[in-house]
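>
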Amino acid sequence: MLIRKSAVIGLALCFSLIMSVYQMPADAQYVPLESNFKYVKERTIEPLKGKSGWWKYHLTVCATDHSLGITEVILKSDMETIYQGVNKVIPKGDCSYYGAVMKARDGKSLGYKIIQTHEAVDSILAFKQGKPGVSLNDVSRYRFILNIY
Numbered sequence: 001m002l003i004r005k006s007a008v009i010g011l012a013l014c015f016s017l018i019m020s021v022y023q024m025p026a027d028a029q030y031v032p033l034e035s036n037f038k039y040v041k042e043r044t045i046e047p048l049k050g051k052s053g054w055w056k057y058h059l060t061v062c063a064t065d066h067s068l069g070i071t072e073v074i075l076k077s078d079m080e081t082i083y084q085g086v087n088k089v090i091p092k093g094d095c096s097y098y099g100a101v102m103k104a105r106d107g108k109s110l111g112y113k114i115i116q117t118h119e120a121v122d123s124i125l126a127f128k129q130g131k132p133g134v135s136l137n138d139v140s141r142y143r144f145i146l147n148i149y
């Protein structure tokens, strides 16, 4: 019985060592989520001091030509995705700040997507009309953030 337990533990140890050094193949590289969002005025990425693989990620969003309704800010890396439901209107001439501490293999893999209120409402309406290309998860999040039941 002791030999079986040590064999199982040994196999588990070998498997974990093999999986820990496994690298992603070159054709499966992560493509960061980017949005050519003209209202993002500053994007700051800094490594977190004393923590390997952790990054501080900040966005500055400014409403320059008109008020800007933002439903959600999505921050994404090659290792995690953070959904920030904000449901906020930025008045013309003002700025708002979003960010998170994120785990990533490389700071270059950090990306963002900003969902404006009109885009979220359009997605909800398209889903209700049965149009393809709209996910239930997105619509459920938008409805919750915007208090549309």
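Under full-length UniProt numbering, the residue at position 123 of the sequence shown is numbered 123, and the numbers go up by one with no gaps.
Note that beta-carbon positions come from the ideal geometry of N, C-alpha and C, so glycine has one too.
1. Figure out for me which residue from K51, I145 and Y83 has the closest Cα to the Cα of A100.
2. Can you grab the Cα-Cα spacing for the pair G133 / K56, in whole Å?
3. Counting C-beta neighbours from all protein chains within 10 Å, is the total for I148 16 or more, i.e. buried, or is it exposed?
4. Is the distance from the Cβ of G85 to the Cβ of H118 below 9 Å?
5. At the level of alpha carbons, what is the spacing between E46 and C95?
6. For S135, which residues does DSSP report across the bridge?
7. How would you write the range of the beta strand (DSSP E) that E80 sits in, first residue to last?
8. Taking the alpha carbon of F37 as the point to measure from, which residue in K92, D106, T60 and A126 has its own alpha carbon closest?
Looking at the coordinates:
1. Y83
2. 32 Å
3. So I148 counts as exposed.
4. no
5. 21 Å
6. Looking at the DSSP output, S135 sits in no beta bridge, so it has no partner there.
7. Premise fails: E80 is in no beta strand (DSSP E) and is neither H nor E.
8. T60
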